Amino acid sequence: MLHVMHVRITSGMQVLFLVIMVILGGIAPVFAQGGRITGTVTDLKGEPLPGVTVKLAGTQTGTVTDSRGAFALSAGVETGTLELSFLGFETQTVPFTGAAPLNIKMKQATANVDEVVVVGARMKKTDLTGAVASVDSKTLLERPVTNINQALQGNAAGVFISSGTRPSDDATIRIRGTNTINAGASPIFVVDGVVMENNQGGFNAVNVNDVASVQVLKDASATALYGSRGANGVVVITTKKGRRRGGDGLVTYDSWAGFSSFTRMPKTMNAEQLAALRIDAYANGYMKDHPDANRQEYIDNVLLGSNIAFSDQEFEALNNKRSYNWLDQVTRTGFQQNHALSFSGGSDRGTFYLSLGYAGVKGVVQETKQDKYTGRFNAEYNVKKWLKVGTNTGFTRTNDDIPSDDVYGKALNANPLLDYAPYRDPATRYAPDYLTIYYRSHGEQNNNDFNPFNSLLIQRDRNRNRVTTANYIDITPLKGLDIRSSYSLDYGTQEWFEFTPHNIQEAVRHYNGDARAKHERWSDTYWQWDNTITYNTTIAYDHKLTALVGSSSSKRKSSYTKAQGDRFASDDLSYYDLGGAAAIDKSVLGSDFYAYSLLSFLGRVNYSYKDKYMLTATARYDGSSRFAEGHRWGLFPSVSAAWNINREDFLKTSSLFSQLKLRAGYGVVGNQDISNYAYQTLYGSRVDNGNALLANDGRRGNPDITWEKQQQANIGLDMGFFRSRLNITADFFYINNDNLLLNRSLATTTGYTQEWENIGRVNNKGMEFSVTGDIIQQKNLNWTVSGNISFDKNTVKQLYGDATVLYNTYENVIQREGNIFLGQSLHTIYTLQSGGIAQESNRAEWENLNYNGKTVSLGDLFARDISGPAGKPDGIVDQYDRTIVAKTDPKFYGGFSTNLSYKAFSLNAMFTYSYGAKKISSYYEGLINSIGESMASVDLLDRWTPENTNTDIPRVIANTSYNRYNPSDLDHSIQDASFLRLSALTLSYNLPEHLLGAWKLNNLRLYVTGSNLFCITPYKGMDPETGDYGYPPVKMFVFGLNVGF
Amino acid sequence: MQRNIISALVAALVLCSASCKKFLDEKSMTKIDESQVYSDLDLVETSLKGIYANWKAIRTDEQGLIMMMGTDEIQQGAFQMKSDPNKGGLDRFDANLNSTLNHIANQWNIRWPLVNEAAKIVRGLDREEVAPGTREAELLGEASFVRGFIDFQLAMYWGEIPIRDLDREAELGFRRQPLKDVWAFIIADLQRAAENCPATNDPGRATSGAAWAMLGKAYMSAPESTGLRDFSKAAECFEKMMGGYSLVPYKDLWDYNKPNTPEVILEFQFSPVYPNNNKLQFQIGSRAVQAYFGDGCYYSGYDKIVPTRYAYSSVDSGGVWEEGDLRREESIRYDFTYYGETPTLDPISWEDLGDDHDELLPHVKKYEDFRTDKHTDNKINNMWNSGKNIPVLRLGDIKLCYAECLNEMDRTAEAVAVVNEVRARAWGGVLPADKQWTMMSREAFRTAIMDERIRELFAENWRRIDLIRTGKYVELVKARNKWAAQSGTIQEFHTRLPVPDTEMKLNGDITPADQNQGYQ
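Residue numbers (this note's numbering), protein chains in the order written: chain A, 10 to 1054; chain B, 433 to 952.
The structure is reproduced here in structure tokens:
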């Protein structure tokens, strides 16, 4: 018995790749007698299933099983396919030829994804008319992941995920690229109807094992009901429910455990290479100041004969031919495990689902640890025929031990010429010489180069608790009328405790040699109250109408407290006794409070005719407290339609299409995701010599700001061919985002540094395709391939007035990223263009330019003179010559997977890719800027020297005043961030069904997964996807088990 | 029953609608709205004090030293010049001194918010019915003082600047205004300040005396082209306030046990506890001392600025110092011996110091703060916490300014007498006969007074302004600043700083064509 794991494609219609179940012993010789089909339906254990819908595929002919699970159907044809569906069981198709009685066994579903709850109103997925991508629990569980974002990665078209790099980090997610400038660009997450934000690890805290399905709503008509916050898409998470049927419930246990280690570290120089680099740089510096000197003599006598370039410690490593890898000393093989146990069941009156979970991470960097405990209780009960109540309640507790960032950061960049032994030895590690690491010698610049072994002694503990509960009452006073009220509460707290002992450099440097203890607490309370009245009716059999009116109000209140003290009786007290802080005048207290609220009124009408034509119209009227009175309210209408073409008579008989649905939608969605109180000009406390003063905080309040409005149009096509063996979904979108909310830098002559404004327009257009094909569909051998690809392109169409550019300044400097240019992508890199290496051969290009203070000689990089104050080259390379050298948007991105199964085994490979994005790699820039006094890239082995001129790596120069162009000053080292990654490769074994029945199991799956096994990319930094911040990507091998009974 | 449910829901909706407005009212809880600040005189005063607190940042940390660099009395340390060629432009006057230099943009950007905040108070209070002597008038006076003082600096350093008269914002925009208008505006501010500021005030706040002193400086400093320079008016201003102050022993000015002496007209208030420290010593102490004795030695630091040879040498070595001048030892540290131990360059010799090394040459002493030393019981042990008060305006300076005016008014004999009062204090109260100034020509006085100002006001941030207003900037810097002399590239246009590139990029009213000549 073969079970093909199905893969979901992105479509409003949601076609399942149906599980083909060949019933052992159930296939009898073919009879052709009047086309009457009979059979019985049971579960895997043989218990009869009453009430199962049995339908002849492609027709309206159907029936329901009786109390013994039996059915009989007049088919009129001799061969065909039956479709069996029953809530709580996996839908299946059973081919029949002839009229032998069929014995069909149905399998309990671990997920039920037919319904979407949208602001309190349930909708069948097939009725959706907007652009929606779905992922069900099976797909989610195919890979060992601990959060929803990771699970979505590569699985949904138009969804771009960057995972966090440290266990304590959260992943970021973008739907259809970025439409906004700097209002929030993250979608909202709706868990069982509760809108959650990602603060304090919000949606990452949901146990993936509890998730029944994830829907990504991408266009305006789909997100319309979340209007006020739907501008960046909506991720709807539905957790698992019990099954509404008698008999036994289901127990499942899912578990995996595995090992992880860093992968793909950029290659850096060893001790010997680095020493050679430094010698070269120093000799070049010396020759610049003493052109007639003897270079080799200087190297031999001065550089190698004194401590100008190398300390004695460095000489020792050099002479012993040792090279020290510090990072290896603070890292280890990581270990991760995940366990989830769930119980579910139900009766006529109600259902329940209870789960408990644990996920543990022992990180690759020493002292990194995370323990996550989750629990969930979902229940629904029909108190009366007309009254239903229910709850979806979950909690998460996450405890993190987070080492100081300096452990990894300083070890990563530590000098390979430095022996780490005395830095680690308890006898010497606190001696002044070993508090800091260095290159060349201890000096001013080493004050912040903390000994990473000592940094391990800093304690940083974070605890997060979160309870999310959605409770509803559902009244059906009349047939077709549904009144629903739901009250949800999302309460989260976070604690941060930190202790720095007194005898390490962090304390010596920053806290006058005192130990420091810090406590921080955050508390977040969010409530949401939704009320809806829905009326459902069918007129004259063919006209189905659903109308909904409702209101939604919500409020978030947050508070924060900080207390910090210095100087304690003993480091052993750690952060536990803040009252023992003796340095009272250095104590720090802090707090913050904020609140915001949203109020919405909404209405929606769904109409469908013969399930062929469907129309949805929605209107919302939203108010946000983030705007001043008079600018608070926005009206957001949307309309969409769908046409099931394959249900038209002219296609009814066609065997080509199993589905052909055309969708079109248009709508306006709002964005108000900006900082709170941006409409106010504020004066905050300024403490000075014991006086309590007020001072402006630099932000000019703008009382006129209001909703950012995105007009989104979407056209989509869902196609199923050859009895759904090939499914294609295509979506095309066009978004004009007006009144963009922008946090603009102001000239300080205004008295302020920044202000939120509604500015201009950004256009975003794109297309998304996803394809799934069952290439081989045989009894024992199945092969399914699926893939998705997304293209999106944004263009700034208008800024304020006739401005053509908005500059992003930070600390008086125009940044490379974050500037906004009319007619360009939002995401550009703006810097000087490299002319390459100054060589004899191109002397005319570089020699006579004025570099505004920079020096260019043979072997140096030079910048191009592109423009000037008059808009044309002026012989001076300065700020007028900075141009847009790249954009950071990918040209296209997506994922694809292949799933090959033979008998009980299956092999699944999941790839993600992105093409065409450019990225600044700060890590690589540091490596390539090196002059031998910091970690250096092996690319510098090919640096320019008088003997090696045919290169694009500049020469190095040091120990003199020489203002060269570093590679990072130019576009020289901007990286191509295209990549193809094998994000997961899974080999699994499903216990065959005859054994399952014998062992009274519902399912049993064993698997082994390798994550992030390779990544093909030209990117020279850490990771083309996550960039260089945090930790490098890890590779993980995992063994897992899923069992249900 | 069903009807009841529906009615209840409808009622709930109606109720909710009624409270909608209130439901969506969210105001900052941790900060106060501007409208509230300006509707309450107490809060206006509290925010005015906030301006003073932020104003001190101009004299704090590295940014407090930038305007001292590139003069004839102070230059950057050798290691700084070697390791940061961009900032080196401030002393070398090479192409690195351009509109993208972060340090210059910072000097511009830290001043304008203060000007604007003061302008808000002036706009709110500058009404005809504000009677002199009232609290409103006093606050108006103080705000006018702050705006006038900072605009004075901005106009000295950059030339034409925008005028932030908020009642005329629509008309004036954010353009650079003609020098004559700018200086008229500065003088009007300081005049209003002089008339309205209280005669006495909390330490660190403006008084009428401070305002008269600044008004006098403005009349001395307004470019001649504006027609506003007027030494007799300046002298009158000084005469109005000098009587309220008296010279104190010079060392008392730098004694943290004697803050706000009777000589002080305006003094920025600091303490050696973060965030009230000024961090100056961290920047200007000796790096060799730091490497030898560590951060716990109160005169260690990082050589960000050092005296020029001219400013630390005695007259017979081609410098300014005369025998017996007590100001010398208070101003400049020559001896780095610390509790019997004399540091050497050994711990930093690996830096390949070269011929220009100056780590153990004389350093600025005025900002040393012994309270941060490891030999005290303060447990501070780090000179980064240095936090002595910094005099901004004091009588010694004003007396010399007054003498300058007298000289320009052809009353040189009186001018000499005033200078001798200042010099007498420098010699402990009794000026030896051979140190007395005697009658000299007006031109000779002009030259001599510039040296006297170094001796009296060394490293007190007035030198750049003195050089600019007397037209001696380029000549004297080129001759006395080591790096400017080495490079030889200083030109007349360097008297002004470039308008920052970021300002031009963010302010539509200042275009590259409006850039100061030479920096375009």
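We treat Cβ as the ideally placed atom computed from N, Cα and C, and that holds for glycine. Since this is a predicted model, take the numbers as computed values, not measurements.
Item: Beta bridge counterpart(s) of Y630/A as assigned by DSSP; Value: F610/A and L644/A
Item: C-alpha gap between L827/B and A485/B, whole angstroms; Value: 23 Å
Item: The stretch 493-511 of chain A touching the stretch 460-477 of chain A, judged by at least three CB pairs closer than 8 Å; Value: yes
Item: C-alpha distance - P610/B paired with D946/B, whole-angstrom precision; Value: 12 Å
Item: A37/A, DSSP secondary structure in three states; Value: For A37/A, the predicted model reports a pLDDT of 34, less than 50, meaning its position is unreliable; a value from the coordinates is still stated below. The answer is coil: DSSP assigns A37/A none of H, G, I, E or B.
Item: Neighbouring residues, chain B, relative to V822/A (Cβ below 8 Å); Value: T532, N534, A537 and T934
Item: Where the stretch 788-819 of chain A meets chain B: residues whose CB sits under 7 Å from a CB there; Value: Y816 and T818
Item: Short Cβ contact (9 Å threshold) for A667/B with G573/B; Value: no
Item: Burial state of G570/B (16 or more Cβ within 10 Å); Value: It should be noted that the sequence gives Glu, not Gly, for residue 570/B. Answer is buried; the Cβ neighbour count reaches 16.
Item: Neighbouring residues, chain A, relative to K736/B (Cβ below 8 Å); Value: Within 8 Å Cβ-Cβ: nothing; K736/B doesn't reach chain A, min ~11 Å.
Item: P104/A: first and last residue of the uninterrupted beta strand (DSSP E) it sits in; Value: Q101 to T106
Item: V547/B and R596/B closer than 9 Å at C-beta; Value: yes
Item: Residues of the stretch 590-624 of chain A with Cβ closer than 9 Å to any Cβ of chain B, in chain order; Value: A591, A592, D594, K595, S600, D601, F602, Y603, A604, Y605, S606, L607, L608 and F610
Item: Helix, strand or coil at G545/B [DSSP, three-state]; Value: Rather than Gly, the amino acid found at residue 545/B in this sequence is Pro. It is helical.
Item: Collapsed DSSP secondary structure at R555/B in the structure displayed; Value: helix
Item: Interface flag, K564/A vs chain B, CB-CB below 9 Å; Value: yes
Item: Simplified DSSP assignment, three categories, for T462/B; Value: coil
Item: Contact under 9 Å by Cβ, L691/A with A651/A; Value: no
Item: Alpha-carbon spacing of S915/A relative to L1050/A, whole angstroms; Value: 14 Å
Item: Beta-carbon proximity check, R287/A vs Y295/A, cutoff 9 Å; Value: no
Item: Closer than 8 Å: A318/A CB and nearest the ligand ADP heavy atom; Value: Of ligands this structure carries none, so the ligand ADP is not represented either.
Item: C-alpha gap between G676/A and N773/A, whole angstroms; Value: 15 Å
Item: 9 Å Cβ cutoff, F455/B in contact with chain E; Value: Absent from the structure: chain E. Protein chains present are A and B.
Item: Straight-line gap, V886/A to R952/A (C-alpha atoms, nearest Å); Value: 24 Å
Item: Meets three-Cβ-pair contact criterion under 8 Å: the stretch 436-454 of chain A and the stretch 355-370 of chain A; Value: no
Item: Neighbour-count burial assignment, L1004/A, 16 or more Cβ in a 10 Å radius; Value: exposed
Item: Residues sharing a beta bridge with Q454/A, DSSP; Value: For Q454/A, which the question treats as bridged, DSSP gives no partner whatsoever.
Item: Short CB-CB distance (under 9 Å) between V696/A and chain B; Value: yes
Item: Touching by the beta-carbon criterion (3+ pairs, under 8 Å), the stretch 729-747 of chain B and the stretch 840-851 of chain B; Value: no
Item: Beta carbon of D980/A nearer than 9 Å to that of I838/A; Value: yes
Item: Distance between P1001/A and M1045/A (C-alpha atoms, nearest Å); Value: 28 Å
Item: Own chain residues within Cβ distance below 6 Å of G950/B, not counting five before or after; Value: F925
Item: R719/B, DSSP secondary structure in three states; Value: helix
Item: Range covered by the alpha helix (DSSP H) that runs through K481/B; Value: L473 to W487
Item: Where R406/A falls: helix, strand or coil (DSSP); Value: strand
Item: K670/A versus V648/A, G725/A and F988/A, residue with shortest Cα-Cα distance; Value: G725/A
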